[in-house]
Amino acid sequence: MKNSEKPYRVIISGGGTGGHIYPAIAIANELKIQHPESEILFVGALEKMEMTKVPDYGYKIIGLPVRGLQRKLSWQNLLFPFRLISSYLKAVQIINSFQPNAVVGTGGYASGPTVMAAQNKGIPVLIQEQNSYPGIANKRFAKKAQKICVAYEGMELYFDKSKLVITGNPVRQDIMTTSQKRVEGLNYYGLVENKKTILVLGGSLGARSINESIVTSLPEMLKADLQVVWQTGKIYYEEMIKRVKDFATTSVVVTRFIDKMDLAYAVSDVIISRAGALSISEISIAGKPVIFIPSPNVAEDHQTKNAMALVSREAAIMVQDKEANKKLLEEVISLAGDEKRREILAKNIKNLSRPNAVKDIIRELKMIMN
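Under my numbering, residues 1473 to 1842 are what the sequence shown spells out, in order.
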């Protein structure tokens, strides 16, 4: 149990995608702000993006050999049980060595062995679920968790209602101040003040349908006097660079990954994005007009449900993935030229934001440690 004379010791585990990693980092940062003496250790999956992203924020991370099951038939799946057992045993060693007061699981297969080890040792666990449809790891281990912090209503369909707390999703502190950074952002990206800026987000890996829609729409966007900050994702970057070289211009900034999201949000007048939970939370905090193109390749089509929750409140526009090539350009040019509609969307999505999410999560975390 927590001794108030000693600093908090917390393990945070989750990863695989930015949607699991950045909430984890936000939780760690807030705990450090409130209790600078706290000791925090991250546990992730070897060779996944958390192994480089987490140290960038000054935290130590230990990697487990765990891997997710491949959707296609693969010999790699034969190794899954052995990696899982090995990861669990290593997680037990980490728990025994670090002696945490609590473990936070933010989802992804990386969190499973660590959360399981903590629960088997009787260590309090807080689960943080970002989406409207929970992932496998969080559903599996939520039964023995002390608290489950969620971003959407109706999650009692999946979790014990007595443990649920609606907090919203934690976002990085720098996202809170985007409204003050427009000039800094324009200078950073080499853009001009008198043009509307379209921010395109396809996730860290990238989204084929969004990239294809943008590459075919760019000539018309430039004719409409728009400028574009376009995150292709690492998979598609080289291909997209080659395909836009014939109309390369300072009005189009193409990048694999956006390392300063606060500045990207600050310069944007219209955002095009997948409808992942973290993206929605950040865009809501930033208060920006958005066109969502939900990924069709997610469990229970939860990104469409995420987007529709906002569309129904006139807080966003949605274009289906299969229709992006036909409809996206028209929606972008229409919205960029309609100031009143942009203002309505921005106001409504801002009203749905939960800027205190990370503070509320830390409050729940401290309750289970004390």
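Virtual Cβ for every residue (Gly too), placed ideally from N, Cα, C.
Residue(s) in a DSSP beta bridge with residue i
| i | result |
| --- | --- |
| A1574 | V1482 |
| K1633 | None; K1633 has no bridge partner. |
| F1514 | I1484 and I1533 |
| I1743 | L1671 and V1762 |
| V1700 | I1670 and V1724 |
| I1638 | V1622 |
Start-to-end residues for the beta strand (DSSP E) that takes in residue i
| i | result |
| --- | --- |
| K1619 | K1619 to V1622 |
Anticipated Cβ contact below 8 angstroms, residue i with residue j, distance rounded
| i | j | result |
| --- | --- | --- |
| L1750 | G1490 | 7 angstroms |
| L1690 | V1724 | 7 angstroms |
| G1577 | A1609 | 7 angstroms |
| D1741 | K1695 | Actually they do not touch by this definition, with Cβ atoms about 17 angstroms apart. |
| Q1775 | G1748 | 6 angstroms |
| A1858 | E1522 | Examination of residue 1858 is not possible in this model, given that the chain is present from 1473 through 1842 alone. |
| G1495 | Q1602 | Checking the sequence, you will find Pro at residue 1495 rather than Gly. Between Q1602 and P1495 the Cβ distance is about 6 angstroms, and since that is below 8 angstroms, they are a contact. |
| Y1531 | I1512 | 6 angstroms |
| W1702 | V1726 | 5 angstroms |
| I1752 | D1793 | So it is not a contact: roughly 16 angstroms between Cβ atoms. |
| G1580 | G1674 | 19 angstroms between Cβ atoms; not a contact. |
| L1698 | I1763 | Not quite, the Cβ-Cβ distance comes to about 13 angstroms (not below 8 angstroms), so this is no contact. |
| Y1480 | M1839 | No, Y1480 and M1839 are not in contact; Cβ-Cβ is about 12 angstroms, not under 8 angstroms. |
| T1649 | D1734 | 7 angstroms |
| L1801 | V1791 | That belief does not hold up - the Cβ atoms of L1801 and V1791 are roughly 10 angstroms apart, past 8 angstroms. |
| V1804 | I1744 | 7 angstroms |
| G1759 | R1728 | Their Cβ separation, rounded to whole angstroms, is 27 angstroms, which puts G1759 and R1728 out of contact at 8 angstroms. |
Pick from the options that is closest to residue i, judged by C-alpha positions
| i | options | result |
| --- | --- | --- |
| K1831 | K1520, V1637 and I1595 | V1637 |
| E1815 | I1805, Q1792 and A1788 | A1788 |
| S1559 | P1585, T1578, A1696 and I1686 | P1585 |
| R1785 | L1807, S1825, Q1792 and I1483 | S1825 |
| Q1600 | I1484, E1692 and R1644 | I1484 |
| G1640 | S1756, K1633 and K1532 | S1756 |
| H1492 | T1704, P1642, Y1480 and D1810 | P1642 |
| E1684 | V1597, K1695, T1649 and Y1708 | Y1708 |
| D1773 | G1486, A1517 and G1607 | G1607 |
| P1761 | L1817, E1625, D1793 and L1735 | L1817 |
| S1767 | E1795, V1575 and V1655 | E1795 |
| I1567 | G1579, V1597 and G1580 | V1597 |
| G1594 | N1573, Y1494 and A1498 | N1573 |
| Y1661 | D1731, A1779 and D1632 | D1731 |
| I1497 | K1706, I1505 and V1526 | V1526 |
| I1833 | P1479, I1499, K1478 and V1482 | I1499 |
| G1626 | K1616, Y1605 and K1615 | Y1605 |
| A1738 | S1681, Q1652 and K1615 | Q1652 |
| M1588 | S1569, N1659, R1612 and F1570 | R1612 |
| N1828 | D1793, M1712, I1647 and F1514 | I1647 |
| G1516 | S1510, E1509 and T1524 | T1524 |
| K1822 | I1534, I1744, L1782 and E1628 | L1782 |
| A1617 | R1644, V1575, L1698 and L1629 | V1575 |
| I1682 | R1481, M1712 and E1836 | M1712 |
| A1736 | D1528, V1700, Q1645 and E1502 | V1700 |
| N1769 | K1635, R1746 and E1754 | R1746 |
| I1534 | P1553, H1507, L1503 and F1570 | F1570 |
| A1620 | L1629, Y1630, E1628 and K1635 | Just to set this straight, residue 1620 is Ile in the shown sequence, not Ala. Per the Cα distances, K1635. |
| N1797 | I1686, E1811 and A1590 | I1686 |
Residue i, enclosing alpha helix (DSSP H) - first and last residue
| i | result |
| --- | --- |
| V1664 | Element bounds for V1664: n/a, residue is neither H nor E. |
| E1710 | Y1709 to R1715 |
| E1692 | R1680 to K1695 |
| I1599 | Run containing I1599: none in the alpha helix (DSSP H); it sits in the beta strand (DSSP E), V1597 to E1601. |
| H1492 | G1490 to Q1506 |
| I1647 | Segment: none, I1647 is in no alpha helix (DSSP H) and carries neither H nor E. |
| G1584 | S1583 to N1592 |
| A1609 | I1608 to F1613 |
| D1832 | A1829 to M1841 |
| M1627 | Careful: M1627 lies outside any alpha helix (DSSP H) and carries neither H nor E. |
| M1521 | No alpha helix (DSSP H) holds M1521; DSSP gives it neither H nor E. |
| K1819 | E1811 to N1823 |
Check: residue i C-beta below 7 angstroms from any heavy atom of the ligand SAH
| i | result |
| --- | --- |
| T1669 | Absence of the ligand SAH is noted for the structure shown, with no ligands found whatsoever. |
Min CB distance residue i to chain C below 8 angstroms
| i | result |
| --- | --- |
| N1823 | Going by chain labels, chain C is absent from the structure shown, which holds only one protein chain. |
What are the complete beta strand (DSSP E) segments, minimum 3 residues, inside the stretch 1761-1795?
1762-1764
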